[in-house]
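Below is one structure, written out as structure tokens, with a few remarks after it.
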Amino acid sequence: MDYMKYKLIRESIRFIELCQMHVLENRMEIKMYDAMTNIKINFLKDMMEEEKTNTFLKGRFFNKINDLLRIDSFIHSCYCSKRANV
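Each residue of the sequence shown is one higher than the one before, counting from 400 in the numbering used here.
So, in structure tokens, the structure goes:
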């Protein structure tokens with residue numbers, strides 16, 4: 400079971416990283432980004448909450464997931480500020 404969790408988390412992280420890269424390079428719209436990553440981001444948040452005591456998850460993925468969440472927040476704050484300036 401741990402192997403499947405690891406594989407699913409790793410693939411989710413990689414997918415979100417690719418989507419974030421495309422958004423930051425203006426090759427993907429925010430709406431498309433949200434549609435594609437929302438479920439995976441919620442999954443990662445839930446995994447972090449459930450696995451707080453799991454040292455494997457903490458050591459291997461905790462910082463990576465926090466970075467993804469920070470970039471996600473940055474993307475949305477930039478999008479909101481662009482809409483406010485229009």
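Built from N, CA and C at the ideal position, the CB exists for glycine as well.
Since this is a predicted model, take the numbers as computed values, not measurements.
Applying the criterion that 16 or more other CB atoms from any shown protein chain within 10 Å of the CB defines a buried residue, is Tyr402 buried or exposed? Exposed, because fewer than 16 other Cβ atoms sit within 10 Å of the Cβ of Tyr402.
What's the gap between the Cα of Asn441 and the Cα of Ser476? Here the alpha carbons of Ser476 and Asn441 stand approximately 18 Å from one another.
With 16 other Cβ atoms within 10 Å as the buried cut-off, status of Leu417: Exposed, because fewer than 16 other Cβ atoms sit within 10 Å of the Cβ of Leu417.
Within 10 angstroms of the Cβ of Ser472, are there 16 or more other Cβ atoms? Answer buried if so, exposed if not. Residue burial is scored here from C-beta neighbours: Ser472 has fewer than 16 other C-beta atoms within 10 angstroms and is therefore classed as exposed.
Own chain residues within Cβ distance below 8 Å of Tyr432, not counting five before or after: Closer than 8 Å at the Cβ level, and outside the excluded window around Tyr432, lie Cys418, Gln419, His421, Val422, Ile474.
Within the same chain, show all residues whose beta-carbon is closer than 7 Å to that of Met427, passing over the 5 residues directly before and after it, in chain order. Answer for Met427: Cys418, His421, listed in chain order.
How about Ile412 and Leu468: are their beta carbons less than 8 Å apart? Cβ atoms of Ile412 and Leu468: not closer than 8 Å.
Measuring straight from C-alpha to C-alpha, what distance separates Tyr478 and Ile429? CA-to-CA, the gap between Tyr478 and Ile429 works out to about 7 Å.
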